[in-house]
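In this note's numbering, the protein residues as written are 897 to 1328.
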């Protein structure tokens, strides 16, 4: 979606555009007291002249609670009904924050995704924002209100609600910031910024002051949970800076640069170590010779909105095809259904391994630095965590290893590439 092209051009209150879009994650809204704290944060930045737009996620663990409730009632809940169910979490959070804002004396209105004019196409559970009709939003902003929008969702042409996938509230916020001409998008979360690795796994990880958008998109796709990868891509497409900071912290956080930052060849090529423990590897075999089989499999996965990584395929010594790829654990059921459809039609066999995880080096110019891949493989060899798959691009080197070895590997790689707080202090002393 090119958000700048979906602005309603002739609306009478076009001038009422917020300076920044604020998004608050579920952990920031988990209790009534935290909701009051968020209301205080919003109140401090609110402008009656411009109004304010706030995007919210479902409170606390509400999404997981709803998923568990659905699983209790049906082994395979219909995707449409899951989307109907899950959006209630965001809608409740938006209404509760609007109530808290009213209690502070601030005029506020909560809007679901469809009410906010967000139009979505694609499949249930993995929709894509196709347009935003800004009339209702601009009218509410023109009245000086705080508009609290339910993230993660939009409406399709049939009047159904479709979700954007886990983390989709980030994408909602970035899309609204772009279409409303906001100067920035602020993502408020339970951590003070983007780290060089998950601080729950690597205590020595440090907050990055800035991150190039392309690098951040790779970090997100490789497993960093702070930002939705599609949100980062959308921000970069619209030259929009995104600030990630703690909801109740005075720290400046991390700025994801909408335009690529100036890079020097002498700077370290590795920015961060990312990991993902919620993936699966699929290996598809066919002993029949058939042109276009790989394309047929990928087309079926695309129709089911299943993103893949570490794709590899080739022809063995005999006839047929061998093809392997990684899929996110959240999309594994959809991937299995797509593969089963292909298997029934074309006679393929597929094995799925869920006891694996992915570790990745993320940075810039990695294809020109083969030593980085060599060092990654050497570290994994020392840990007896031999990778079954390795893939490299200019921005990322990823390896699939046994699931139980992932935390140890992340710590060792973080230390190997000198990404910790102590390493930065040492570099600063040497430079000085």
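Note that CB positions come from ideal geometry on N, CA and C, so glycine has one too.
Practice problem: Would you give the residue range spanned by the beta strand (DSSP E) that residue 1254 belongs to? | Solution: 1252–1259 is the extent of the beta strand (DSSP E) around residue 1254.
Practice problem: Ignore the nearest five residues each way along the sequence and tell me which others in residue 1126's own chain have a CB closer than 6 Å to its CB. | Solution: Excluding its 5 nearest sequence neighbours in each direction, residue 1126 has C-beta neighbours in its own chain below 6 Å: 1067, listed in chain order.
Self-check item: Straight-line gap, residue 1008 to residue 923 (C-alpha atoms, nearest Å)
Solution: Their backbone Cα atoms lie some 20 Å apart in a straight line.
Quiz item: Assuming residue 1004 and residue 1015 make a contact with CB atoms under 8 Å, what is their CB distance in whole Å?
Solution: Contact between residue 1004 and residue 1015 is ruled out by a C-beta separation of about 24 Å, above the 8 Å threshold.
Quiz item: Based on the DSSP secondary-structure assignment, which residues constitute the bridge partners of residue 1295?
Solution: Its beta-bridge partners are 1255 and 1286.
Practice problem: Assign residue 1147 to one of two classes, buried (16 or more other C-beta atoms within 10 Å of its C-beta) or exposed (fewer than that). | Solution: Around the beta carbon of residue 1147, a 10 Å sphere encloses fewer than 16 other beta carbons of the protein chains shown; the residue is thus reported as exposed.
Practice problem: Output yes or no for whether 9 Å exceeds the beta carbon distance between residue 1305 and residue 1171. | Solution: With respect to residue 1171, residue 1305 sits close: the two C-beta atoms are nearer than 9 Å.
Quiz item: Buried or exposed: where does residue 905 fall if 16 or more other Cβ atoms within 10 Å of its Cβ makes it buried?
Solution: Bear in mind that a pLDDT of 35 at residue 905, under 50, signals an unreliable position, so the number given afterwards is only what the model happens to contain. Residue 905 is exposed by the Cβ-count criterion.
Quiz item: For residue 1224, which residues does DSSP report across the bridge?
Solution: Beta bridge pairing from DSSP links residue 1224 with 1175.
Quiz item: Are residue 1013 and residue 1031 close, meaning C-beta to C-beta below 9 Å?
Solution: Yes; because the gap between Cβ atoms is below 9 Å, this pair is in contact.
Quiz item: Can you find a heavy atom of the ligand ADP that lies under 8 Å from the Cβ of residue 931?
Solution: With respect to small molecules bound, the structure shown includes none, and the ligand ADP cannot be examined in it.
Quiz item: Just the Cα atoms here: how many angstroms apart are residue 1228 and residue 1169?
Solution: Each residue's Cα considered, the two are about 24 Å apart.
Quiz item: For residue 1111, does the three-state DSSP call read helix, strand or coil?
Solution: Under the three-state reduction of DSSP, residue 1111 is assigned to helix.
Quiz item: With 16 as the cutoff for other CB atoms within 10 Å, does residue 1292 come out buried or exposed?
Solution: Under this definition residue 1292 is a buried residue.
Self-check item: residue 1059, buried or exposed, once every other Cβ within 10 Å from all chains shown has been counted against 16
Solution: With 16 or more neighbouring CB atoms inside 10 Å of its own CB, residue 1059 falls in the buried class.
Self-check item: Per-residue DSSP class, three states only, for residue 916
Solution: Note: residue 916 maps to strand in three-state DSSP.
Quiz prompt | Cβ neighbour criterion (16 or more within 10 Å) applied to residue 1282 | solution = So residue 1282 ends up on the exposed side.
Self-check item: Exposure label - residue 1036; buried when at least 16 CB within 10 Å
Solution: Residue 1036 should be labelled buried.
Quiz item: Since residue 1017 sits in a beta bridge, which residues does DSSP pair it with?
Solution: Bridge partners of residue 1017: 1024.
Quiz item: From the DSSP output, which residues share a beta bridge with residue 1051?
Solution: DSSP lists 1015 and 1057 as partners of residue 1051.
Self-check item: 7 Å CB neighbourhood of residue 1061 in its chain, flanking five on each side removed
Solution: Only 1021 and 1022 meet the Cβ criterion.
Quiz item: At least one CB of chain C closer than 9 Å to the CB of residue 1093: is that the case?
Solution: Annotation note: the requested chain C is absent from the structure, which comprises a single protein chain.
Quiz item: Under the three-state reduction of DSSP, which class applies to residue 1160: helix, strand or coil?
Solution: Low local confidence applies: a pLDDT of 40 at residue 1160 is under 50, so the model's placement there is unreliable, with the coordinate-based value given in what follows. Note: residue 1160 maps to coil in three-state DSSP.
Quiz prompt | Cβ neighbours of residue 921 in the same chain (closer than 6 Å, five flanking residues each side left out) | solution = Here the set comprises 953 and 1085.
Quiz item: Which residue's Cα is closest to the Cα of residue 1271: 1237, 1166 and 1234?
Solution: For residue 1271, the nearest C-alpha among the options comes from 1166.
Quiz item: Roughly how many angstroms lie between the CA atoms of residue 1092 and residue 1151, to the nearest whole one?
Solution: If I take the Cα positions, the gap works out to 14 Å.
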